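Heads up: the structure comes next, in structure tokens.
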Amino acid sequence: MLQTEDETPFSSGPDSTAPSSSTAPPSERLQVELQSHGLRLATHEAGAASRQGGAGPSDHKAVSVDGSTIMVPVHTAQSDESPYYATAPNSQGAATLYRDDEQVGTVSFPDPPQFYRHETSDGVPMWKVAKLHSHNVLATTVLQRCIRYDDRETACQFCAIGQSLEAERTIAYKKPHHLAEVAEVAVEHDGVDQFVMTTGTPNTEDRGCKLLHESAAAVQDAVDLGIQVQCEPPSDFGWFPKLREAGADAIGMHLEAVQPEVRKEIMPGKAQVPVDYYMDAFEAAVEVFGTGNVSTYILAGLGDSKEALISRSQALIDIGVYPFIVPFVPITGTPLEDHDPPGDAFMEAVLAPVGQMLVEAGMTSDTLDAGCAKCGACSTLRSFEEKARQNQ
Ligand code: SF4
Numbered sequence: 016m017l018q019t020e021d022e023t024p025f026s027s028g029p030d031s032t033a034p035s036s037s038t039a040p041p042s043e044r045l046q047v048e049l050q051s052h053g054l055r056l057a058t059h060e061a062g063a064a065s066r067q068g069g070a071g072p073s074d075h076k077a078v079s080v081d082g083s084t085i086m087v088p089v090h091t092a093q094s095d096e097s098p099y100y101a102t103a104p105n106s107q108g109a110a111t112l113y114r115d116d117e118q119v120g121t122v123s124f125p126d127p128p129q130f131y132r133h134e135t136s137d138g139v140p141m142w143k144v145a146k147l148h149s150h151n152v153l154a155t156t157v158l159q160r161c162i163r164y165d166d167r168e169t170a171c172q173f174c175a176i177g178q179s180l181e182a183e184r185t186i187a188y189k190k191p192h193h194l195a196e197v198a199e200v201a202v203e204h205d206g207v208d209q210f211v212m213t214t215g216t217p218n219t220e221d222r223g224c225k226l227l228h229e230s231a232a233a234v235q236d237a238v239d240l241g242i243q244v245q246c247e248p249p250s251d252f253g254w255f256p257k258l259r260e261a262g263a264d265a266i267g268m269h270l271e272a273v274q275p276e277v278r279k280e281i282m283p284g285k286a287q288v289p290v291d292y293y294m295d296a297f298e299a300a301v302e303v304f305g306t307g308n309v310s311t312y313i314l315a316g317l318g319d320s321k322e323a324l325i326s327r328s329q330a331l332i333d334i335g336v337y338p339f340i341v342p343f344v345p346i347t348g349t350p351l352e353d354h355d356p357p358g359d360a361f362m363e364a365v366l367a368p369v370g371q372m373l374v375e376a377g378m379t380s381d382t383l384d385a386g387c388a389k390c391g392a393c394s395t396l397r398s399f400e401e402k403a404r405q406n407q
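This is the structure:
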């Protein structure tokens, strides 16, 4: 039976001050399970608002568990059936976490940021310009349109970049001054220390690099914070030094899936850019941004085998690229909304060896300058790095 927001799942009733159960799973297991199953909430009002729609992973909420903040699905069909349930936070902000009828710990939710209450100098609400991700990352989609999205023949089936625009939760194009003004307020009032800028792909050979260049330069002029830009590989790799000079500390170019047949099925437009071209772009970008500050998002659960994910990760690490492997989250309203997310056993079987490889390469999340791999909230890869480090 699904819970409504006012119901509590257990006859004994929730107790937000209860201690963690002694049978609580280890931290990395708990985090993997939360990201795989999602979380039912007593209230969606606690903490910063959850993300729905938009580019990349969505339908998540930032949840702090065992000292880490991770993004946990809360709006997906699967999360409605999750064995995990969080009560409303108590007066100290702690919510009791249950797995089925057993208390397994406490979680909390980062506060809504101050910048959401402000407007830009031309009257755009700042919450429409950028979002707080995790607890310290500003994130935006500079261009909320994509040449691939409007045609289902070419669209990435997991993507919801148009949904938030249709719902007027964002604006189509964030001008450089919008980004600079939001960054200033978020750094001053919310302790934000990095800015992740992605973009839908425009119909130009630079694949959005020009927009990202202008954006990074404006933010860099206004405030000091780490910047990661994200785009498809441009036709001219000369954009990499230009982006670096504009203030970008890191770049992400996202494979999403690694096996050619999976890429073709899930993202028929983007798959026309072969993996080999990405590898060439990665090598050129590593020369500019340095080892680890070039990364790629890989969505586990789209059909790639465990072996393919691990071997591609090793090939990426060998050339200095951080494979940021995240569990696929089926977003409501997309063609893949009913696609099963990967199980926690699959995620653990992939993340444990990749975490080990990253530690052996000395290219762990904490060594990076900016970006999703540094934030780490959409994956539990960082906790597997930690485990591998402890086992050394
Ligand atoms: S990992 Fe990237 S997409 Fe996920 S919360 Fe962090 S900045 Fe946002």
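Quick note on numbering: the sequence shown equals residues 16 to 407 in this note's numbering. Built from N, CA and C at the ideal position, the CB exists for glycine as well. The structure presented is a predicted model; accordingly, all values stated were derived computationally and were not measured.
Within the same chain, and ignoring the five residues on either side of Pro256 in sequence, the residues whose Cβ sits closer than 7 angstroms to its Cβ are Val303.
For the ligand SF4, a non-hydrogen atom lies closer than 8 angstroms to the CB of Ala154.
Apart from the 5 residues on each side of it in sequence, Pro125 sits with its Cβ closer than 8 angstroms to the Cβ of Gly62, Ala63, Ala77, Ser79, Thr84, Leu147, Ser149, His150 in its chain, given in chain order. Relative to the ligand SF4, the nearest heavy atom lies less than 8 angstroms away from the CB of Phe339. The C-alpha of Ala392 is placed about 14 angstroms away from the C-alpha of Ser123.
Under DSSP, Val80 shares a beta bridge with Ser83. Ranked by Cα distance from Phe361, the first of Glu401, Gly377, Asp353, Leu314 is Leu314.
Per DSSP, His354 has no beta-bridge partner at all. A distance criterion of 8 angstroms places the beta-carbon of His228 beyond contact range of the ligand SF4, judged by its closest non-hydrogen atom. In terms of CA proximity to Ser250, Phe297 leads the group Phe297, Gln235, Val277, Ala272. Pro357 and Ile325 have their C-alpha atoms some 15 angstroms from each other. Assignment of beta strand (DSSP E) within the region 100-166, counting only whole runs of 3 or more residues, yields 110-114, 117-122, 146-148, 152-156 in chain order. Cys161 places its beta carbon less than 9 angstroms from that of Ala170. Here the region 254-271 makes contact with the region 209-224; the two share three or more CB pairs at distances below 8 angstroms. In terms of CA proximity to Glu48, Leu396 leads the group His204, Pro140, Leu396.
The alpha-carbon of Phe343 is positioned some 5 angstroms away from that of Gly316. Per the C-alpha coordinates, the member of Thr306, Pro104, Ser394, Glu352 positioned closest to Asp384 is Thr306.
For the pair Thr219 and Lys189, the CB atoms are not nearer than the 9 angstroms cut-off. Every unbroken stretch of the beta strand (DSSP E) spanning 3 or more residues and falling wholly within the region 184-234 is given here in chain order: 209-213.
One alpha carbon belongs to Arg327, the other to Ser136, and they sit about 46 angstroms apart.
Taking His228 as the centre and dropping the five residues before and after it, the same chain places the C-beta of Lys257, Leu258, Ala261 closer than 7 angstroms to its C-beta, in chain order.
Excluding its 5 nearest sequence neighbours in each direction, Ser51 has C-beta neighbours in its own chain below 8 angstroms: Pro342, Pro356, Pro357, Gly358, Asp359, Met362, listed in chain order. DSSP, read as helix, strand or coil, puts Ala364 in helix. Excluding five sequence positions before and after Val234, the CB atoms of its chain that fall closer than 7 angstroms to its own CB belong to Leu194, Ala195, Ala198, Phe210, Ile242, Gly262, given in chain order. Cβ-Cβ distances below 7 angstroms link Phe130 to Met141, Val197, Val200, Ala201, His204, Asp205 in the same chain, with the five nearest sequence neighbours on each side left out; the list follows chain order. Taking non-hydrogen atoms of the ligand SF4 into account, the C-beta of Ala392 is found less than 8 angstroms away from one of them. Taking Gly348 as the centre and dropping the five residues before and after it, the same chain places the C-beta of Ala175, Gln178 closer than 7 angstroms to its C-beta, in chain order. Straight-line measurement puts the Cα of Gln159 at about 11 angstroms from the Cα of Glu183.
For Gly386, the distance from the CB to the nearest heavy atom of the ligand SF4 is below 8 angstroms. Residue environment analysis places Pro128 among the buried positions, since at least 16 neighbouring C-beta atoms fall within 10 angstroms of its C-beta.
Residue environment analysis places Lys143 among the buried positions, since at least 16 neighbouring C-beta atoms fall within 10 angstroms of its C-beta.
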